[in-house]
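Below is one structure, written out as structure tokens, with a few remarks after it.
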Amino acid sequence: MKRMNNAFKNYLSQIKKVDKVLKFEPWVKERLKKPQKTIEVNFPVKMDNGETRMFRGFRVQFNNSRGPFKGGIRFHPQVDFAEIKALAAWMAIKCAVADIPFGGAKGGVMVDPKKLSENELKRLSKGYVRAIYQEIGPDLDVPAPDVNTNPKIMGWMVDEYTKVQSAKCKAQNYLAAFTGKPIDKGGSEGRVEATGVGGVIVVATLAQKLKFKNEKLKIAIQGFGNVGYHFAYFAKEAGFKIIAVSDSQGGVFVPQGLDPLATLKCKKESGQVAGCYCVGSVCDLSFGRPISNQELLELPVDILVPAALENVITQENAAKIKAKAIIEMANGPVTTEADEILAKRGIMTVPDVLANSGGVTVSYFEWLQNKKGEHWTKEKVNRKLKTKITKAFNDVWKESQERQISLRDAAYILAIQRIIKAMEK
Ligand code: NAD
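Mapping to the working numbering: the sequence shown position 53 is 124, numbers consecutive.
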């Protein structure tokens, strides 16, 4: 499982680079390299045919010096321990870059959710919570959605957590134990689209710094799930031209610009984005064509947005990337080797720990609202998100300009300085 194992290696090489600058004390280096706690669970789920199947899940709690552990739960057949460990470490860095008072964690279950019925998925989600409930909680570890998990699943999970906790302790409000919940179960306005919205604020701020006009910039997006779709939708609203999108089945290339909402509607009807190159009700090949994921990554666009999975830009294809800038909306889409090739070619990369921090930032707002018993308007959430993410971008930009280093190195230096400060307390 090369894709997964590389992810943690990428994290370690980044730590090594920061060590050269900050010169860690030995104990700091050890703490940054190893998770505080790892949890592996095997739990039963009753299937619709009456059989009971066992499933394997993980929760890795990497670092909680700055606040409760925080990180999503991924359902994927190729989830493994190394991948979850890397994602947990990145969460600690991300929360520090975004300057929110959380540490980093991540969870996952080895399952192909597309092969389960809705009821099986519900029992799996609840089973995973029963297996890990003693390790999570509003002030201990706060999970959220990730690949193949969504608000509905968070709703099932918070219900189960409340049920098990209430049976053991005094019944109380446990809503802050999960974020990314449905609005009617304590979710925040704006959370579903927050990662995409945050990414668009980042790309617009970058365009401003580079004195580019949004309207002049062509964007290709790999991945058309929660993050990819919302990024596409809000980027189009902000005036950018989206010329290609894809999902796991392939994609579409529409040189004159596509409509993300119409493409989503078409994907819902046909089950995939490949083939969704119609403009309105008119379908004509001259408007666009199907495209493979590999081709999409190599299109001559201004901005390339990987928004699917890890390690899609590697030393094999980095020399073929034609974009001027990469906005990492997925976690870990560029390998360390590819990063070096891209840097030498003058391609600027906005790292995942900054670019996709909008999701965890609004998760923090949700957690705060649950704790205070408040419900903020979408305008308030988006206003606060814009302030927070613009500040994070400017801090990283300043660090990178002052030290003459990449945005990734700058983000890691900034974050690790903040984590060390908290660890030393
Ligand atoms: P999702 O499950 O909603 O969507 C994933 C998308 O990627 C789907 O369109 C899927 O078809 C596509 N995909 C899967 N395998 C692919 C492949 N091999 N090639 C091309 N496309 C492929 O997941 P999401 O929540 O949108 O998450 C996407 C990425 O963003 C992940 O790396 C995740 O960790 C990261 N992320 C998500 C959030 C969030 O709030 N959801 C926050 C921060 C980071």
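Backbone N, C-alpha and C fix where the C-beta goes; we use that ideal spot for every residue, glycine too. Here the structure is a predicted model, which means the values were calculated and not measured.
Pro139 versus Val271 - alpha carbon distance: 28 Å
If the criterion is Cβ atoms closer than 9 Å, does the pair Lys64 and Phe311 meet it? Given a span of 72 to 496 for the chain in the structure shown, any question on residue 64 remains unanswerable.
Using a Cβ-Cβ cutoff of less than 6 Å, which residues in the same chain neighbour Leu356 once the five nearest sequence positions on both sides are dropped? Per-residue confidence for Leu356 stands at a pLDDT of 48, beneath the threshold of 50, marking its modelled position as unreliable; the derived number appears in the next sentence. So no residue of the chain qualifies.
Assigned exposure category for Trp98 - 16 Cβ within 10 Å defines buried: exposed
If we require 3 or more residues per run, which beta strand (DSSP E) segments fall completely within the stretch 361–390? 374–377
How do the stretch 455–465 and the stretch 422–435 stand: do at least 3 beta-carbon pairs fall below 8 Å, yes or no? yes
Proximity winner among Asp217, Val405, Lys193, Pro253, relative to Glu231 (alpha-carbon distances): Lys193
Who are the Cβ neighbours of Ile392 in its own chain at under 7 Å, not counting the five residues just before and after it? Leu368, Glu369, Leu375, Ile384, Leu413, Ile418
Taking 8 Å as the line, does the beta carbon of Leu187 fall inside it for any heavy atom of the ligand NAD? no
Cα-Cα separation, Ala122 to Val116: Reading off the sequence, residue 122 comes out as Glu, not Ala. Distance between the alpha carbons of Glu122 and Val116: 8 Å.
Inter-residue spacing [alpha-carbon to alpha-carbon] between Lys442 and Val431: 16 Å
Whose CA, out of Ile398, Leu187, Glu387, lies closest to the CA of His147? Leu187
Starting from Arg124, trace the beta strand (DSSP E) in both directions and tell me its first and last residue. 123–134
Between Phe79 and Leu93, what straight-line distance do the alpha-carbon atoms span, to the nearest angstrom? 21 Å
Closest by CA to Asp170, which one among Glu495, Met494, Leu485, Lys496? Leu485
Boundaries of the beta strand (DSSP E) in which His147 is found, first to last residue: 140–147
Anything with a beta carbon under 6 Å from a heavy atom of the ligand NAD counts; list them all in chain order. Pro216, Asp217, Val218, Asn219, Thr266, Gln293, Gly294, Phe295, Gly296, Asn297, Val298, Gly299, Ser317, Asp318, Ser319, Asn364, Ala378, Ala379, Leu380, Met400, Ala401, Asn402, Asn427, Gly430
If we count Cβ pairs, one from each stretch, closer than 8 Å, do we get three or more for the stretch 244–256 versus the stretch 219–226? yes
According to the Cβ coordinates, are Lys338 and Phe295 closer than 9 Å? yes
Measure how close the beta-carbons of Gly174 and Gly128 come, nearest whole angstrom, since I'm counting them as under 8 Å. 20 Å between Cβ atoms; not a contact.
Answer yes or no: does any C-beta atom of chain D fall closer than 9 Å to that of Asn388? Of the chains in the structure shown, none is chain D; there is only one protein chain.
Around the C-beta of Lys287, are 16 or more other C-beta atoms found within 10 angstroms, so that it is buried, or is it exposed? exposed
Opposing strand residues paired with Glu111 [DSSP bridges]: Phe129
Where Val112 and Trp447 are concerned, what is the direct C-alpha to C-alpha distance, given to the nearest angstrom? 36 Å
Any idea if Gly142 is buried or exposed, counting beta-carbon neighbours within 10 angstroms, 16 or more meaning buried? buried
Roughly how many angstroms separate the alpha carbons of Pro184 and Asn364, rounded to a whole number? 22 Å
With a threshold of 6 Å on Cβ separation, who are the neighbours of Ile397 within its own chain once the five nearest residues in sequence on each side are excluded? Leu375, Thr420
For Asp212, the three-state DSSP class (helix, strand or coil): strand
With DSSP run on the structure shown, which of helix, strand or coil describes Lys80? helix
Is it buried or exposed, Ser434, if we count other Cβ atoms within 10 angstroms and call 16 or more buried? buried
Taking Ala379 as the reference, which of Phe358, Val405, Gly359 has the closest Cα? Val405
Does Ile314 come out as helix, strand or coil in the three-state DSSP assignment? strand
Using beta-carbon positions only, say whether Ile155 and Lys177 come within less than 9 Å of one another. yes
Extent of the continuous beta strand (DSSP E) to which Val168 belongs: Element bounds for Val168: not the beta strand (DSSP E) but the alpha helix (DSSP H), 152–168.
Residue range of the beta strand (DSSP E) that Gln320 falls in? Per DSSP, Gln320 belongs to no beta strand (DSSP E) and is neither H nor E.
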